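Residue numbers (this note's numbering): 7 to 384. Using N, Cα and C, we set each Cβ at its ideal position, and we do this for glycine too. Predicted model only: the values in this text are computed from it and were never measured. The structure appears right after this line, and notes come after that.
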Ligand SMILES: CCCCC/C=C\C/C=C\CCCCCCCC(=O)SCCNC(=O)CCNC(=O)[C@H](O)C(C)(C)COP(=O)(O)OP(=O)(O)OC[C@H]1O[C@@H](n2cnc3c(N)ncnc32)[C@H](O)[C@@H]1OP(=O)(O)O
Ligand SMILES: CCCCCCCCCCCCCCCCCC(=O)OC[C@@H](O)COP(=O)(O)O
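Here you go:
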């Protein structure tokens, strides 16, 4: 193990990274709150400012993936579609099998210059996660309770609000499986597939079709295409956020197909059947990947950009300098009680960060999808 790799595995480094993320994130959240009056005066300007502010937070995690862990992200796609990525609005459909799949999504958004304005249909629980969840509130992220009776109106309303979004180039991410893949959820989901007379899937859960239908209906005329995206990792890697913090390098492969939105049927039942067929095709791509280690089509990888790193270094300077002064003052004062209080605060913060990282862990995944009726989401 080299010196750099040794340093990357040290808890002190992780603590410093988490401190930078948390404090800079809270500063950004505070500035976001200050933009509230602006929403009344100029909604579009407030949105544009919040896109840039969100970039300050999200790109730190992207920098950790790209520059700290050095994870390689390879894109398989049609070279004819490639020039359109980042230049049009699109609904992205992604498999939900990995703890850092959202981060790989963010990385591609960053490389196509749409990280700050990217959107997602996220479970409501994530809105309460400090920094990220609070930032999403100002980005007009669409939240759902995964209870259709309640979501059918709120999701449609939130999607309608996005129709006049000022930044043209955003991606709306939809995990149609609705929850992360686990063998148990797969077993239940395939029972539902069987009861509906649908072919079984090997690598995916049965997609939930209502969210997809409502998204397509509400974004017609705004989004130009569906980006059907299938993600996997080389050599059966099981990537985690803690692995990224430890500087572990992963190898992500993403296959993206651009499908014009007009080709999705308008009728609800046909739209649902279209989505089921899409997931059967996605299953085929994963099978091919398992057999050959490749997705179909050529590789057209966009290079990483320096901006995420520059942003990270900027915020590190902003928040570490006062911390350094504070620690020096504290140690020179020799006040045992104050030092003890500082240790308690540090421990509390690191526990809080561990809880946040826990939100990404599949073994802490919800029970959603375990019962066929899926009534219990907790
Ligand atoms: C490549 C570039 C990438 C770019 C990335 C871009 C942007 C990045 C931006 C941000 C990244 C941040 C990442 C954050 C991640 C957060 C993600 C999440 O939170 S995922 C969870 C929330 N999202 C979803 O759930 C979306 C999918 N779900 C739906 O669409 C649902 O329909 C719903 C709208 C949420 C409503 O759910 P509900 O359960 O109430 O209703 P359903 O109608 O879906 O369910 C009943 C229906 O399903 C059948 N059923 C029952 N049990 C199961 C089961 N186990 N499996 C499958 N199906 C089941 C049941 O029979 C009913 O069927 P029917 O419809 O026929 O009646
Ligand atoms: C600079 C880097 C420092 C990094 C410090 C660590 C920061 C910690 C940040 C926490 C980020 C929280 C974002 C959560 C996104 C989780 C996305 C996700 O995958 O959600 C799961 C849901 O889709 C489905 O839920 P389940 O039903 O499976 O349950």
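Start and end residues, beta strand (DSSP E) containing residue i
i: residue 78; result: 78 to 83
i: residue 261; result: 257 to 266
For residue i, the first and last residue of its enclosing alpha helix (DSSP H)
i: residue 224; result: 215 to 225
i: residue 328; result: 313 to 339
i: residue 369; result: That residue, residue 369, is in no alpha helix (DSSP H); it is neither H nor E in DSSP.
i: residue 209; result: First-last for residue 209: undefined, no H or E at that position.
i: residue 289; result: 274 to 298
i: residue 16; result: Per DSSP, residue 16 belongs to no alpha helix (DSSP H) and is neither H nor E.
i: residue 43; result: 42 to 47
i: residue 158; result: 154 to 167
i: residue 247; result: 247 to 251
i: residue 191; result: 189 to 201
Distance between beta carbons of residue j and residue i, contact taken as under 8 Å
i: residue 235; j: residue 99; result: 6 Å
i: residue 141; j: residue 68; result: Going by Cβ atoms, the distance from residue 141 to residue 68 rounds to 14 Å, so no, they are not a contact pair.
i: residue 80; j: residue 71; result: Not really, about 14 Å apart at Cβ, beyond 8 Å.
i: residue 248; j: residue 363; result: 6 Å
i: residue 65; j: residue 116; result: 6 Å
i: residue 97; j: residue 296; result: So it is not a contact: roughly 27 Å between Cβ atoms.
i: residue 137; j: residue 32; result: 7 Å
i: residue 291; j: residue 256; result: 19 Å between Cβ atoms; not a contact.
Residues that DSSP places opposite residue i in a beta bridge
i: residue 98; result: 179 and 233
i: residue 127; result: 148
i: residue 238; result: 259
i: residue 33; result: BP columns for residue 33 are empty, so no partner.
i: residue 106; result: None, per the DSSP bridge assignment.
i: residue 305; result: 82
Near ligand 1: residue i beta-carbon under 8 Å from a heavy atom
i: residue 239; result: no
i: residue 80; result: no
i: residue 154; result: yes
i: residue 306; result: no
i: residue 19; result: no
i: residue 408; result: Outside the displayed range of the chain (7 to 384) lies residue 408, so it cannot be described from this structure.
i: residue 270; result: no
i: residue 262; result: yes
i: residue 6; result: In the structure as shown, the chain starts at 7 and stops at 384, and residue 6 therefore has no counterpart that could be examined.
i: residue 371; result: no
i: residue 90; result: no
i: residue 217; result: yes
Contact test: residue i Cβ vs ligand 2 heavy atom, cutoff 8 Å
i: residue 158; result: no
i: residue 385; result: Because residue 385 is not part of the residues shown, which for the chain are 7 to 384, the question remains open.
i: residue 280; result: no
i: residue 181; result: yes
i: residue 124; result: no
i: residue 184; result: yes
i: residue 66; result: yes
i: residue 45; result: no
Contact with chain C by residue i, beta-carbon distance below 9 Å
i: residue 38; result: Among the chains in the structure shown there is no chain C, since it carries only a single protein chain.
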